[in-house]
Amino acid sequence: MYRLSEKAAAIDPYDPIEGIYRIRLDANESFLLPTESDREKMAQAVLDTALNRYPDPLAKEPVAAFSALYDVDPKLVTAGNGSDELISVILSTFLQKGERVLTVSPDFSMYRFYTAITENPCITLSKNDDLQIDVDQVIETIRREKIRLFIFSNPCNPTSLGLDRAAVRRLLTETEAMIVLDEAYMDFWDQSLLSEVEQYDNLIILRTASKALGLAALRLGFAVANERLTGIIRAAKSPYNVNALTQTVASIALRNPLYKEWYPELLVQSRQQLSEGFAQMAAKGYIQKLYPSCTNFVLIEVEDAPYFHRELLDFGIAVRCFGNNRLRITAGTETENKEVLSAILSIAKHRLEEQEGTL
Ligand code: PMP
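To convert, take the position in the sequence shown, counting from 1, and add 72; that gives our numbering.
Structural data, given as structure tokens:
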């Protein structure tokens with residue numbers, strides 16, 4: 073039998089929830105579709121696509137549309153097949169053998185996953201008890217451990233917390249590491265460093281069309297960095313990484329400011345509905361804690377999160393479970409939010425009753 077390398081045998085795949093659930097609040101997606109009229113334009117654009125031709129290798133149309141929407145120079149932008157692909161390209165391109173990566177925990181799991189594939193050593197710092205990043209500790213670790221690249225999400229998935237601009241600037245100026253700043257959820261907050269990207273020679277910002285813009289199905293992400301770094305990312309990615317259908321369909325959405333200006337607002341309102349519901353439950357002791365969110369999802373603490381998770385699946389509701397006591401719940405429609413809030417409340421009450429019964 074073919075002998076697998078230890079590395080290949082050890083790959084632990086990303087494990088999204090499969091199966092059909094009535095309510096999907098597990099992947100931080102948007103609950104909004106593009107408008108009817110944009111979807112009609114998209115359908116026509118699909119019909120007009122030359123399927124026999126390779127797509128534009130630099131995805132110039134969506135890059136131009138993204139650049140106009142976010143007011144960045146298109147020369148600084150590289151499109152990827154989701155920001156996931158860009159994370160992988162960046163880690164495998166900028167690091168040499170043996171060079172160290174820093175991640176923090178909890179954070180988006182794919183950073184460690186792709187670093188494991190490059191076989192570069194990865195040091196992971198645990199966040200404080202309040203799940204905030206300790207910037208002094210990160211700077212000190214980067215210096216002491218000679219870290220070459222620090223990658224983190226801001227705002228963070230799964231904590232829903234953010235690090236303000238001033239703190240991120242400190243990482244950029246007080247260390248020599250490459251800082252890969254994943255702003256996948258920054259449409260929900262106002263601390264982006266996009267407008268300053270050219271001031272730093274060690275900064276790559278990642279953005280995605282999958283969250284606030286509501287285009288997760290298309291798989292489109294962007295890396296924004298100075299021209300020198302952009303030249304390298306463009307050279308390293310596979311040539312036709314963003315398919316023609318994605319390019320044409322996404323360009324229609326990116327040309328419509330509605331999705332950047334109004335959709336994130338609606339998602340934030342929905343998240344506030346969830347936060348208010350969970351705050352009341354926390355005040356009454358039905359859940360242990362609610363983290364203050366600047367994203368389109370909330371993180372809560374409960375006793376025995378896997379139990380809550382299983383029970384919710386029985387109600388037909390999918391959320392994400394982290395460890396023994398945390399659940400991450402994406403903001404959904406008003407009805408979905410009401411359902412998940414009342415399901416969690418009834419699970420919590422039921423547990424309390426059972427515990428009292430056994431006292
Ligand atoms: N970064 C973060 C922080 C995310 O949460 C996600 C998706 N869950 C991604 C990147 C990947 O996004 P994309 O759909 O663009 O690959």
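Note that beta-carbon positions come from the ideal geometry of N, C-alpha and C, so glycine has one too.
- Three-state class that DSSP yields for Lys199 in the structure shown: Lys199 falls in the coil class under three-state DSSP.
- Roughly how many angstroms separate the alpha carbons of Val455 and Ala322, rounded to a whole number? Any property of residue 455 remains undetermined from this structure, which presents the chain solely from 73 to 431.
- Task: Less than 8 Å between the CB atoms is what I'm expecting for Lys283 and Asn100, so what's the real figure, rounded?
- Result: A Cβ-Cβ separation of about 6 Å places Lys283 in contact with Asn100 under the 8 Å criterion.
- Item | Range of the contiguous beta strand (DSSP E) that encloses Val149 | Val149 -> beta strand (DSSP E) spans 149 to 152.
- Task: Could you check the C-alpha separation between Leu338 and Pro364 for me, to the nearest Å?
- Result: If I take the Cα positions, the gap works out to 18 Å.
- Message: Taking only three categories from DSSP, how would you classify Glu373?
- Response: Glu373 falls in the strand class under three-state DSSP.
- Every unbroken alpha helix (DSSP H) within the stretch 106 to 162, with a cutoff of 4 residues, ordered by chain: Runs of the alpha helix (DSSP H) lying entirely within the stretch 106 to 162, each at least 4 residues long, are 108 to 119, 132 to 142 in chain order.
- Run of the beta strand (DSSP E) containing Ser225, from where it starts to where it stops: If you look at Ser225, you'll find it in the beta strand (DSSP E) that goes 219 to 225.
- Taking the CB atoms as reference points, tell me whether Leu346 and Asn409 lie closer together than 8 Å. Contact flag set, yes.
- Span separating the alpha-carbon of Trp334 from that of Ala140: Pairing Trp334 with Ala140, the inter-Cα distance amounts to about 17 Å.
- Do Ala297 and Val269 have their C-beta atoms within less than 8 Å of each other? Note that the C-beta distance between Ala297 and Val269 is below 8 Å.
- Distance, Cα to Cα, Pro85 vs Val340? A direct Cα-Cα distance of roughly 31 Å separates Pro85 from Val340.
- Do Asn200 and Asp208 come within 8 Å of each other at the CB atom, strictly closer than that value? In this structure, Asn200 does not lie closer than 8 Å to Asp208 by Cβ.
- Message: Does the beta-carbon of Ser102, which I'm using as the reference point, lie nearer than 7 Å to any heavy atom of ligand 1?
- Response: Short note on Ser102: C-beta not closer than 7 Å to any heavy atom of ligand 1.
- What does a CB cutoff of less than 7 Å around Ala239 pick up in its chain, not counting 5 residues either side in sequence? Correct list, in chain order: Val207.
- Query: Secondary structure at Ser177, three-state DSSP: helix, strand or coil?
  - Reply: Residue state, collapsed to three classes: strand.
- Taking Cβ to Cβ, would you say Leu158 is nearer than 8 Å to Leu278? With respect to Leu278, Leu158 sits close: the two C-beta atoms are nearer than 8 Å.
- Message: Using 8 Å as the cut-off, can you tell me whether the stretch 243 to 255 makes contact with the stretch 218 to 232, which would need three or more C-beta pairs spanning the two stretches below that distance?
- Response: Verdict: yes, contact present.
- Message: Under 7 Å: does the beta carbon of Thr280 sit that close to some heavy atom of ligand 1?
- Response: At least one heavy atom of ligand 1 is nearer than 7 Å to the Cβ of Thr280, so yes.
- So what does DSSP say about Ile89, is it helix, strand or coil? DSSP places Ile89 outside both helix and strand once states are collapsed to three, so it counts as coil.
- Taking 7 Å as the cut-off, is the CB of Gly293 close to at least one heavy atom of ligand 1? The answer is yes for Gly293.
- Would you check whether ligand 1 has a heavy atom nearer than 7 Å to the C-beta of Phe369? No, the Cβ of Phe369 stays beyond 7 Å of every heavy atom of ligand 1.
- Item | Segments assigned alpha helix (DSSP H), at least 4 residues, entirely inside the stretch 273 to 322 | At a cut-off of 4 residues, the continuous stretches assigned as alpha helix (DSSP H) that sit fully inside the stretch 273 to 322 are 299 to 308.
- Query: Whose C-beta lies closer than 8 Å to the C-beta of Ile92 among residues of the same chain, with five residues either side of it excluded?
  - Reply: Nothing listed; no residue qualifies.
- Message: To the nearest angstrom, how far is the alpha carbon of Ala188 from that of Ile223?
- Response: About 14 Å.
- Message: So, at 8 Å on beta carbons, what are the nonlocal neighbours of Val176 in its own chain, with the 5 sequence-adjacent residues on each side left out?
- Response: The residues are Thr196, Leu197, Ser198, Lys199, Ile205, Val210, Phe224.
- Item | Spatial neighbours of Val173 in its chain, beta-carbon cut-off 6 Å, leaving aside the 5 residues before and after | By the criterion of a C-beta distance shorter than 6 Å, Val173 is surrounded in its chain by Thr187, Asn192, Cys194, Leu221, once the five residues flanking it on both sides are discounted.
- Can you check DSSP and say which residues form a bridge with Ala390? Ala390 is bridged by DSSP to Arg96.
- Tell me, please, whether the stretch 259 to 273 touches the stretch 120 to 127 by the rule of three or more beta-carbon pairs shorter than 8 Å. No: fewer than three Cβ pairs fall under 8 Å.
- What's the C-alpha gap between Gly388 and Asp98? Cα-Cα distance, rounded: 12 Å.
- Backbone secondary structure at Leu243 - three-state DSSP: Correct three-state label for Leu243: helix.
- Hey, could you find the ends of the alpha helix (DSSP H) Asp262 is sitting in? Per DSSP, Asp262 lies in no alpha helix (DSSP H) segment and is marked neither H nor E.
- Task: Flag Ala284 as yes when its Cβ comes closer than 7 Å to any non-hydrogen atom of ligand 1, and as no otherwise.
- Result: Because no heavy atom of ligand 1 lies under 7 Å away, the Cβ of Ala284 does not count as near it: no.
- Task: Decide if His422 is buried, meaning its Cβ has at least 16 other Cβ atoms within 10 Å, or exposed.
- Result: That one is exposed.
- Can you tell which of Leu105, Arg306, Arg398 has the C-alpha that lies nearest to the C-alpha of Thr405? The option with the nearest alpha carbon to Thr405 is Leu105.
- ligand 1 heavy atom lying under 7 Å from the CB of Gly154: Yes.
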